[in-house]
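What follows is a set of notes on a single structure, which appears directly below.
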Amino acid sequence: MRIVRSAAALASAAAALSLAACGSGDDPGPDPAVVAQGKQIFRYDTFGDESKWTDTLRMHEVIAAAVDPSTALSVGLKVDAQALPPAVVDGIRNGSIDLTSPDTTVALLELDAVVGLRGKVENVNGRKTLTRVGVTCALCHSTVDDSFAPGIGKRLDGWPNRDLNPGAIIALSPALDAGTRSVFNSWGKGKYDPRFNLDGINGPQVIPPAYGLAGVARITTTGDGDEIAYWNRYVAVTQMGGHGSFSDSRTGVDVRNGTDDLVTSKLPALQAYQLTLAAPTPPAGSFDAAAAARGKAVFEGSGTCASCHSGPEFTDASLRLHPAADVVSEPEPDGAPSWASRSATKQYRTAPLRGIWQHPPYFHNGSAPTLQAVVETYNAKKSLGLSAAEIADLVEYLKSL
Ligand code: HEC
Ligand code: HEC
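To get the numbering used here, take the position in the sequence shown, counting from 1, and add 29.
Okay, structure coming up:
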């Protein structure tokens, strides 16, 4: 029972009640206009991060000189087929558009067709020239459905881009020293270290989904934030290089970019949009329903999974976080220090499991390549004594979530 502290609060509570009474009594849900605005921000807003990607890293020069569309697709960049006019679609189909020319990349950027990249193309001495480039949230947290060609299709917002090699892309910058470049080149596909530029430690994380977060009480694998907006501000400012500020006394991170703030006012809409992104349901026929039903019993029984993966989102994050000793994904690969030790909480959040079929590899560090490997790891490290048949059933259950 909430305590109403003042007459004003009482009046507004009464107004809210009578508003609710006017409608069907159902939760009206988020304001569609705000959600639409948040989608635009998620896909297209750079928060002014051209300061980093253009002025500091000079990625516009690299792209214009060396990144033809074939190269871009090979480092996991995706093309939004819906942004392509019919003439371009035809040109790609009949081969008259040259996918081995960086000029084509510049043309695609001008069409706003490269997912997660924004370019400004201007006429310089009669030639279309990429003068500014920045990145958006969609770079890492959207992919496409490949409906046109591999890497080219309709956007899937919230799906992690596990083909993307952010380290290899950043390593193309001429502004880096050899040591930093070799760290970026060590990460590989689908991974990014969102703390390396602050603590100097190399321990890349799997890019997680940005869907399925409604009802998840703590944000990030270490539960650093109570709200998505906490981490959105962190990434927008400290990783993307957007204009604004982020500080957290728990980690000592204190970053300000520029003198203006292009982040704060966008956070509510951005979060509202993310909360509408549901985890994708498993494709028809992708799991054995009878085995999954048996696996559910293992999950809730001898597997002890449900002691942490509880509730509708399969996480106990609203109740507690877990010390590193509880997780089966440590020690970190390549001798890196514990990821939790680098975080604000020094602990781990039980991972929500909806849509888990969609995003291998698993665990924060990607140490389990498949769901089979996840279950085998738990079976060995927690001495569960599950039989091969129980393991197989449990895997089918996980595929069904
Ligand atoms: C360069 C790649 C990259 C970009 C760009 C990026 N992220 Fe992320 N994001 C990550 C990684 C890696 C993590 C994992 C961090 C962790 O859990 O500790 C993450 C975590 C998250 C999470 C936490 C998910 C969870 O399960 O709690 C959210 C939400 C998120 N990002 C949203 C955003 C938004 C919004 C933007 C744009 C403002 C953005 N990200 C930009 C790589 C990226
Ligand atoms: C002590 C609490 C606890 C128990 C018990 C537990 N988990 Fe987890 N689980 C976690 C935590 C914490 C994470 C996040 C670890 C990480 O990211 O490295 C996790 C991660 C996972 C992941 C990876 C999620 C992702 O997004 O990559 C899967 C799958 C999973 N658990 C399945 C299971 C299964 C199946 C069982 C039972 C055999 C189980 N868990 C038992 C706490 C638990």
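Cβ atoms here follow ideal geometry from the backbone N, Cα and C, with glycine treated the same way. What you are looking at is a predicted structure, and each value in this text was computed from that prediction instead of being measured.
So, residue i versus residue j, is the Cβ gap smaller than 8 Å?
i, j, result
"G148", "R161", "yes"
"V235", "G414", "no"
"E342", "G244", "yes"
"D222", "G232", "yes"
"S80", "G314", "no"
"T158", "V150", "yes"
"L138", "D97", "no"
"E425", "A326", "no"
"H272", "D283", "no"
Please report the straight-line C-alpha distance between residue i and residue j, rounded to a whole angstrom.
i, j, result
"A116", "D228", "48 Å"
"V108", "K218", "17 Å"
"G52", "D60", "Summary for G52: the model assigns pLDDT 44, below 50, so the residue's position carries little reliability, and this model does not support an answer."
"R72", "L140", "14 Å"
"R323", "S339", "18 Å"
"L106", "L423", "34 Å"
"P312", "S103", "26 Å"
"N190", "P179", "13 Å"
"P309", "P381", "13 Å"
"A50", "K68", "Residue confidence for A50 is low, a pLDDT of 40 falling below 50, so the modelled location carries little weight and cannot support an answer."
"C337", "F213", "34 Å"
"D317", "T293", "46 Å"
"T249", "P398", "20 Å"
"G182", "A167", "14 Å"
"I121", "S99", "12 Å"
"A373", "V64", "29 Å"
"N261", "P390", "23 Å"
"L146", "D186", "14 Å"
Among the options, which one has its Cα closest to the Cα of residue i?
i, options, result
"R279", "Q376, F177 and T399", "Q376"
"V356", "K410, K183 and E79", "K410"
"C169", "S331, P179, L427 and W188", "W188"
"I420", "G364, L350, G330 and R371", "G330"
"G364", "S130, V63 and I230", "I230"
"R224", "A418, V266 and D97", "V266"
"V91", "I126, V118 and I198", "I198"
"L427", "F275, A335 and R378", "A335"
"V177", "P237, L113, V153 and L146", "The question names Val, yet the displayed sequence has Phe at residue 177. Nearest option by C-alpha distance: L113."
"L86", "R210, I257, F328 and F76", "R210"
For the pair the stretch 292 to 308 and the stretch 198 to 209, tell me if three or more CB-CB distances fall below 8 Å. no
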